[in-house]
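In the UniProt record's numbering, the protein residues as written are 1 to 364.
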């Protein structure tokens, strides 16, 4: 999903005193187990991070609770390869270095997407659209440069992100990739990534993968790739969910259908919005509340409990669960789809304390 750059946050003295890990007592008891301890016999528990979070209280929470990290933005094509002959490695390198120093696994995210992609990629020196051959050559060079730099340090890559159309009457998204290359760009991306690092686990990653109308089209794509012997190993269900969806039956059906192809499954971008799903951006409505009430917190805890019960049931094919951001201090959902409407989608609150949902996830 689309994300924004990590905002600069100013904390009051009171907030700093109340924040941190264990500096002051919380209304909730300290957790008996960390996430990674609770799931050590199931799958790694990961989190999406920015380079700004690699120090201070957030870094301590990351090291305490998680055993995998995903760069939220730093490895997307736009941030890491802004110009044809220039790469920006600083943030990506910092995240990988932090992971290695703290014995955390790294998921690379992502090698090909229709958003956060630099405009130069699709244009020649005169500003005209490039040919399919030129675009695939640029994709090859990008993937080889990035994947080889982190070979042996990144265990898995989201190779292709969100290629399926949101229109139920269409198959693939009408992106610049599709307009220029047809369907071929998908298989080529996996082939290039596998050639660059044969040991990396390669994912197709998408959202709303549990909704029946989209699930069938995602399955169709995955089956075509498998039948064509394309080197794809796994599917990522992003998991940008809400209090209303998906149902347990929908989630189980999706995991079973995708894994029937011989693919492993990960939940790659998990959060549970307290608001119903909306795709299109809009302004905040007058009087629209963003209060996090006890009732909403309880419903969210119950939803997280159900999700993780299902994940545990499929531990033979479920190889990781990654949260999309660390805590409610910051979530990409604070700006999408409604700018300025605070959301509370994660397991840790704005003071980095575990919420009710955390207790439901670790106690089983």
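Ideal placement from N, C-alpha and C gives every residue a C-beta, glycine not left out.
Quantities reported herein were computed from a predicted structural model and do not represent experimental measurements.
Where residue i falls, given that 16 or more other Cβ within 10 Å makes a residue buried
i	result
residue 294	exposed
residue 92	buried
residue 353	buried
residue 167	exposed
residue 44	buried
residue 348	buried
residue 103	exposed
residue 364	exposed
residue 67	buried
residue 38	buried
residue 291	exposed
Beta-carbon proximity of residue i to residue j, cut-off 8 Å
i	j	result
residue 33	residue 362	yes
residue 258	residue 230	no
residue 197	residue 238	no
residue 47	residue 326	yes
residue 269	residue 337	no
residue 143	residue 163	no
residue 314	residue 272	no
residue 161	residue 208	no
residue 215	residue 171	no
residue 159	residue 122	no
residue 251	residue 222	no
residue 321	residue 266	yes
residue 276	residue 244	yes
residue 350	residue 328	yes
residue 341	residue 284	yes
residue 331	residue 343	yes
residue 323	residue 296	no
residue 84	residue 120	yes
residue 261	residue 188	no
residue 40	residue 65	no
residue 200	residue 155	yes
residue 132	residue 180	yes
Delimiting residues of the beta strand (DSSP E) encompassing residue i
i	result
residue 68	68–71
residue 335	Segment: none, residue 335 is in no beta strand (DSSP E) and carries neither H nor E.
residue 158	156–161
residue 444	Nothing in the structure corresponds to residue 444, since the chain is present only between 1 and 364.
residue 230	First-last for residue 230: undefined, no H or E at that position.
residue 206	201–206
residue 242	240–242
Contact test: residue i Cβ vs the ligand SAH heavy atom, cutoff 7 Å
i	result
residue 123	As far as ligands go, the structure on display features none, and thus does not contain the ligand SAH.
Cβ-based neighbour list, residue i, same chain, cut-off 8 Å, excluding 5 preceding and 5 following
i	result
residue 88	79, 80, 81, 82
residue 232	159, 190, 202, 203, 204, 222, 225, 226, 263
residue 69	46, 47, 48, 49, 62, 95, 98, 99, 104, 105, 106, 107
residue 173	114, 162, 163, 164, 165, 166
residue 138	84, 121, 130
Limits of the unbroken alpha helix (DSSP H) element including residue i
i	result
residue 127	Looking at the DSSP string, residue 127 is not in any alpha helix (DSSP H), and its letter there is neither H nor E.
residue 266	Element bounds for residue 266: not the alpha helix (DSSP H) but the beta strand (DSSP E), 264–273.
residue 177	176–181
residue 348	It is not in any alpha helix (DSSP H) - residue 348 carries neither H nor E in the DSSP assignment.
residue 114	That residue, residue 114, is in no alpha helix (DSSP H); it is neither H nor E in DSSP.
residue 46	Not the alpha helix (DSSP H): residue 46 falls in the beta strand (DSSP E), residues 45–49.
residue 258	248–259
residue 292	No alpha helix (DSSP H) holds residue 292; DSSP gives it neither H nor E.
residue 35	35–38
residue 64	56–65
residue 357	356–362
residue 188	184–196
Sequence-distant residues of the same chain with beta carbon closer than 6 Å to residue i, five excluded per side
i	result
residue 360	301, 304, 305
residue 241	272
residue 210	246, 250, 251, 254
residue 176	122
residue 356	297, 301
residue 58	326
residue 178	172
residue 319	43, 264, 266
Own chain residues within Cβ distance below 7 Å of residue i, not counting five before or after
i	result
residue 117	77, 78
residue 256	none
residue 140	192
residue 219	257, 258
Strand pairing of residue i, partner residues [DSSP]
i	result
residue 86	83
residue 164	172
residue 282	338
residue 106	69
residue 237	206, 267
Neighbour flag for residue i against chain C, beta carbons, 8 Å
i	result
residue 323	Absence of chain C from the displayed structure is noted, only one protein chain being present.
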